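> In the numbering used here, the protein residues as written are 4 to 366.
By construction, the Cβ of each residue, glycine as well, lies at the ideal position given by its N, Cα and C atoms.
These figures come from a predicted structure and were not determined experimentally.
Provided herewith is a single structure, encoded as C-alpha cells, for subsequent inquiry.
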Amino acid sequence: MKMRPIGLIALGAVAALTLGACSGGGRGSDSATSGSGGGIAAGATVGVSLPWLGTQNWKEAQDMFKSQLEAAGFKPIIQAADQKVPQQQQQIESMISQGAKVIVAAPIDGTQLGSVLAKAKGAGVPVIGYDRLLSNTDAVDGVVQFGSVRTGEMQGQSLLDGLKAKKANGPYNIELFGGGPADPNAPNFFTGAMSVLQPKIDDGTLVVVSGQKQFSQAATLDWDNAKAQARMDSLLSGFYSNKKIDGVLSPNDGIARAILTSAKQAGQATPVVTGLDAENDSVSLVWQGTQWSTTYKPTDKLVAKTVEIIKSLQAGKGMPSTTVKTNNGKIDVPIYQLDPIVVTKDNAKEVFANDPTRLALLK
Ligand code: BGC
C-alpha cells in the first residue's frame with residue numbers, strides 16, 4: 004500500500020498553520036457570512052452536531068472539537084444526537100437560536116437536515132458537513148471528510164490482500180457487511196469495496212456463499228454491532244454448517260469485532276476481517292493477528308481541517324477553494340478531502356508513530 008496519505012495529511016497540517024497565522028483579524032463584526040468578506044467575531048459561538056457517540060471516532064471528535072475550537076478562541080456548543088433524527092434537528096435549531104455563527108454537522112441521515120439547515124442559511128450562518136455528506140439541501144457550504152468511496156476501495160483491497168496472505172489461491176468463501184443505510188457514507192463504502200471485489204466475484208476467486216451481495220442485504224441498521232452479530236450468526240448457521248468462511252468485508256471496527264465474536268462462537272477459524280476507525284479495541288486485535296486490518300481516519304486531522312475552514316470564515320476569506328465537488332442532489336458541494344490509511348500488523352507501528360494512545364496498544 005502506498006503511503007501517499009501521510010504526505011497529504013502533512014500538507015493539510017501546513018495549510019492549517021498557514022491559515023492559522025493570518026486568521027487573527029476577524030472583523031469584530033457579529034454577522035456570519037461565507038465568502039463575502041464579512042468575517043466572524045473573535046470568540047464567536049460554533050455549533051457542532053454529531054450523530055451519536057457509539058463509535059470511537061465520534062467521541063474523539065467531541066473532545067477534539069472542544070479543545071481545538073477553544074484553542075482557536077471560539078466558544079463551542081457540541082452535542083450528539085443518539086441516532087435520533089428529530090433530536091439532531093432540535094439540537095441544531097437550538098444552536099442557531101443560541102447565536103452560533105457557524106454550524107458543523109455530521110448527519111444521522113444526510114437527507115433529513117434540509118429544513119433546519121435552511122434556517123441556518125436564512126440566519127446567515129455557514130454550514131460545514133463533517134465526515135458525512137449533507138444531501139438535498141443548498142444550505143451547505145462545504146464538507147470535510149475522508150473520501151468515502153476511496154475508503155471502501157481500500158477496505159475491499161485489504162480483504163483481498165488478507166485472503167491471499169492467508170491462503171495463496173482461491174476460491175475464497177466470503178460474506179459482505181455494510182453500515183447504517185441512513186448514513187450517506189455507508190453505501191459509498193460498500194460501492195467502493197464492491198468496485199474491487201465484484202470482478203473477483205465474477206471470475207470465481209471470491210464466492211459470496213449466502214448470495215447476499217446487495218447493499219440493502221448487507222447493511223446494518225444504525226451501525227448497530229448487535230444487529231451485525233445476529234446477521235453473522237444466521238449466515239453461519241444457515242450457510243456454513245459444513246463450510247469454512249475465509250473472509251468478511253466489515254465497514255467498521257465495531258462490526259468487525261461482532262463478526263469475529265460470532266465466527267469464534269460458531270467454531271470457525273478466524274476469518275480475514277476488515278474494519279474502520281482504528282478503534283483501540285481493534286488496534287489491539289490487529290496487533291494480535293485476530294482482526295486482519297482496520298482503516299485509520301485520524302480524527303484530529305479532520306477536526307483540524309474543519310477548524311482551519313472556520314478560521315478562514317472568521318478572517319472574512321470565505322470557504323477555501325477546492326477542486327473536489329460532489330453533487331448532493333441540489334448543488335455541487337465543495338469537498339475538503341483527506342485520505343484514510345489501511346493498517347495491518349505490518350505497518351501499525353509506522354502509522355501510529357505519532358499517535359501515542361494507539362502506539363501504546365502495540366505490545
Ligand atoms: C463514519 C465511521 C463510523 C460510522 C459509524 C461513519 O459515517 O465515517 O467512522 O464508524 O459512521 O459511527
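1. For Ile111 versus Gly50, is the C-beta distance shorter than 8 Å?
2. State the Cα-Cα distance for the pair Ala318 and Lys216, rounded to the nearest angstrom.
3. Give a single yes or no on whether Trp226 has its beta carbon closer than 7 Å to a heavy atom of the ligand BGC.
4. Can you look up Val1 in the DSSP assignment and give me helix, strand or coil?
5. Taking only runs of the beta strand (DSSP E) that begin and end inside the stretch 46-120, which ones reach a length of at least 3 residues, in chain order?
6. So, for Lys62: in the same chain, excluding its five sequence neighbours on each side, which residues have a beta-carbon less than 6 Å away from its beta-carbon?
7. Would you report the Cα separation of Ser52 and Val88, rounded to the nearest angstrom?
8. Just checking my contact of Ala259 with Val276 at CB under 8 Å: how many whole Å lie between their CB atoms?
9. Where does Ala35 land, buried or exposed, given buried means 16+ other C-beta within 10 angstroms?
10. Which word fits Thr223, buried or exposed, when buried means at least 16 other C-beta atoms lie within 10 angstroms of its C-beta?
11. List the whole-angstrom C-beta distance separating Phe192 from Thr154, where the pair is believed to meet the contact cut-off of C-beta under 8 Å.
12. Pull up the CB-CB distance for Ser285 and Asp256, whole angstroms please, since I reckon it's below 8 Å.
13. Between Lys104 and Ile338, what straight-line distance do the alpha-carbon atoms span, to the nearest angstrom?
14. Of all the options Leu362, Leu252 and Gln201, which has the alpha carbon lying nearest to the alpha carbon of Leu166?
15. Could you tell me the boundaries of the beta strand (DSSP E) in which Glu178 lies?
16. Would you kindly work out how many angstroms separate the C-alpha atoms of Ala261 and Lys348, rounded to a whole number?
17. Quick check: the Cα distance between Leu365 and Leu288, rounded to an integer number of angstroms?
18. Report, in whole angstroms, the separation of the C-beta atoms of Ala83 and Gln65, which I expect to be a contact under 8 Å.
The short version:
1. No. Outside cutoff.
2. Distance between the alpha carbons of Ala318 and Lys216: 48 Å.
3. In terms of side-chain proximity, the C-beta atom of Trp226 is found nearer than 7 Å to a non-hydrogen atom of the ligand BGC.
4. Residue 1 lies beyond the range of the chain shown here (4 to 366); nothing can be said about it.
5. Qualifying beta strand (DSSP E) stretches, in chain order: 48-53, 78-83 and 105-108.
6. For Lys62, where only same-chain residues beyond five positions count, the Cβ hits under 6 Å are Leu56.
7. Looking at the backbone, the Cα of Ser52 and that of Val88 are separated by about 11 Å.
8. Contact between Ala259 and Val276 holds, with the beta-carbon distance rounding to 5 Å and staying under 8 Å.
9. Note that Ala35 scores 36 on pLDDT, short of 50, meaning its location in the model is unreliable and no value can be drawn from it.
10. Around the beta-carbon of Thr223, 16 or more other beta-carbon atoms lie within 10 Å, marking it buried.
11. Yes, they are in contact, since the Cβ atoms of Phe192 and Thr154 sit about 6 Å apart, within 8 Å.
12. The C-beta distance from Ser285 to Asp256 rounds to 4 Å, short enough to meet the 8 Å contact threshold.
13. Near 21 Å, if we compare the C-alpha coordinates of Ile338 and Lys104.
14. It is Leu252 whose Cα lies nearest to the Cα of Leu166.
15. Residues Tyr175 to Leu179.
16. When only Cα atoms are considered, Ala261 and Lys348 end up about 20 Å apart.
17. Approximately 10 Å between the Cα atoms of the pair.
18. Going by Cβ atoms, the distance from Ala83 to Gln65 rounds to 7 Å, so yes, they are a contact pair.
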